[in-house]
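Okay, structure first, notes after.
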Amino acid sequence: MAELKFPAGFLWGASTAAYQVEGGIENVDWAQAAREGKVPPAGRAADFYNRFESDFDIAASLSMNAQRFSIEWARIEPEEGKFDEKQIEHYRAVFAALKVRGLTPVPNLWHFTLPLWFSQRGGFLHEDAPEVFARYCRFVVERLGSEADLWLTHNEPMVYSAKGYWDGVWPPFLKNPLRHLRVISAIAAAHRAAYRAMKEARPAIQVGIAKHNIFFESNWNPLNMLRCALSDRFWNHRFLRLIAGYQDFIGLNHYHHRKFGATAGERAAAVRSDMGWELHPTSLYHCLVGLKRYGLPVYVSEHGLADAADSRRAEFIRNAARSLHRALADGVPVKGYLHWSMLDNYEWTEGFGPRFGLVEVDYATQTRRIRESAYVYKQICEKNALVD
Ligand code: IFM
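In the working numbering, each number is its position in the sequence shown, counted from 1, plus 45.
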């Protein structure tokens, strides 16, 4: 039996996002879209806003040493330019609850949902958006910056822009190729402005984004090779290039593999999650290697699967550990792994159906049940190693 050891201080934990778990957030574009019947309502979600302490007890009992969560912009700035200190105190309590349990916080400042006032004035396409977003980020780190070293500004800007401005299935429900390209640049500008503001307010913090990257590969066909290279360039690297020089680390969110020219047999043989997403055993490794060129520390900020029966999650986690270890051996400076997700949660247009949690949530009673696969993860966290 081999033991795949990880470097001392490696972060092992899980991720959540405010709108998906907190409950009670009504002043955002997604809640408005739900009122209009365009997306499912999030309602109380997993009631994490009130239950974060007992949920962090579970994380600590699973031997995790880190936790990623998001701060809801609309709670902090419910009206343009008006900031709510009570909500700052709420998140201060979240940081304190993590600290007392030995969990390193990885806060994220924006995870898809926009305050209504910001979305109604055009979201990131408004000319003032970078300054407005940066003002919010500065406000938070001026008050809470001493509570964490690692801060994320955006989550998955390419997914947000594709779903909202190309596919038209998320707010603001546009199918507009030109605006799609413009919003990518606008979000990058907002990140750069936020990065400057945050570093000015708190020079010691590390600032990055959570970037959704896909493992693209191709068969022998030159046309497929070209499609593969262009997809990699646009989806995986365009945004990172737009913010070059404005990030201290990279957060990698990884879920998908796409092979151009895959045979019907290859497609049929793939193991899939409840969402139909392929669970490729080494795709995480390939995505990590794809980030080596930036020479920055990498944290896997999300990686997970919907698996209500919990029949594939344990092996998925073990494969993740193998990929991390192999990437480290190849010189990728990977510093941590945050599984998506700590809890079952609201999966956007899919509502509460998909089950991504290490911990199952019964939404009717808000009771939690730790899934068996979480104990497999616990062994890795506890030993800082995979026994293979
Ligand atoms: O639930 C989402 C999360 O909000 C962003 N990354 C992907 C997850 C699974 O789809």
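Note that the Cβ used here is the ideal one computed from N, Cα and C, for glycine as well.
Exclusion of the five residues before and after V252 leaves W196, T198, Y240, M243, K244, Q292, D293 as the residues of its chain whose Cβ lies within less than 7 Å of its Cβ.
By the CB criterion at 8 Å, G296 and I254 fall inside the cutoff. Shown here for K423: same chain residues with a beta carbon closer than 6 Å to its own, the five before and five after excluded, namely L107, S108 in chain order. Residue pairing for H370: DSSP places it in no beta bridge.
The straight-line gap separating the alpha-carbon atoms of Y391 and A87 is approximately 6 Å. Going by DSSP, A255 is part of the beta strand (DSSP E) stretching over 251-263.
Residue state for G310 is assigned as helix, using DSSP reduced to three classes. Residue pairing by DSSP places F114 opposite P152 in a beta bridge. A check of alpha carbon separations from P399 across A359, A351, L373 identifies A351 as the nearest. Its chain contains I232, F284 as the residues whose beta carbon lies nearer than 6 Å to that of P202, once the 5 sequence neighbours on both sides are disregarded; these appear in chain order. Contact between L333 and V377 holds, with the beta-carbon distance rounding to 5 Å and staying under 8 Å. With contacts defined as CB atoms closer than 8 Å, E187 and E117 fail to qualify as a contacting pair.
In this structure, DSSP gives R286 a helical state, which the three-state scheme calls helix.
No heavy atom of the ligand IFM is found nearer than 7 Å to the CB of W215. Residue pairing by DSSP places D407 opposite T412 in a beta bridge. Counting the other CB atoms within 10 Å of its CB gives E124 a total below 16, which places it among the exposed residues. Beta-bridge partners of F305 (DSSP): S263. Not one heavy atom of the ligand IFM sits closer than 7 Å to the Cβ of H225. According to the DSSP assignment, N200 belongs to the beta strand (DSSP E) that extends over 195-200. Under DSSP, I295 shares a beta bridge with V343. It is roughly 28 Å from the alpha-carbon of A430 to the alpha-carbon of I250.
With a cutoff of 7 Å, H135 does not count as near the ligand IFM, since its C-beta is closer than that to no heavy atom of the ligand. With a cutoff of 7 Å, E201 counts as near the ligand IFM, since its C-beta is closer than that to a heavy atom of the ligand. Relative to the ligand IFM, the beta carbon of Y205 is positioned no closer than 7 Å to any heavy atom.
For L56, the CB contacts under 8 Å within the same chain, skipping 5 residues up- and downstream, are N110, A111, T149, V151, Y344, K380, G381, Y382, L383 in chain order.
When H331, S418, P267, V185 are compared, the shortest CA-CA separation from E134 is found for V185.
Within a 10 Å sphere around the beta-carbon of V145 sit fewer than 16 other beta-carbons, which makes this residue exposed.
Burial check for V432: the Cβ neighbour count within 10 Å stays below 16, so the residue is exposed.
Judged by the Cβ position, A353 fails to qualify as a neighbour of the ligand IFM at the 7 Å threshold, every heavy atom of the ligand being at least this far.
Closer than 7 Å to some heavy atom of the ligand IFM: that describes the Cβ of Y300. Bounds of any beta strand (DSSP E) do not take in V145; it lies within the alpha helix (DSSP H) bounded by 130-145. By the C-beta criterion, the region 72-79 is judged not to be in contact with the region 399-417, since fewer than 3 inter-stretch pairs fall below 8 Å. In this structure, R272 sits near F305, with a CB-CB distance shorter than 8 Å.
Nearest Cα to L324 within the set I362, K337, R338: I362.
Taking the Cβ of E347 as the reference point, at least one heavy atom of the ligand IFM falls within a distance shorter than 7 Å.
Between F260 and S206 the beta-carbon gap is near 20 Å, outside 8 Å, which marks them as no contact.
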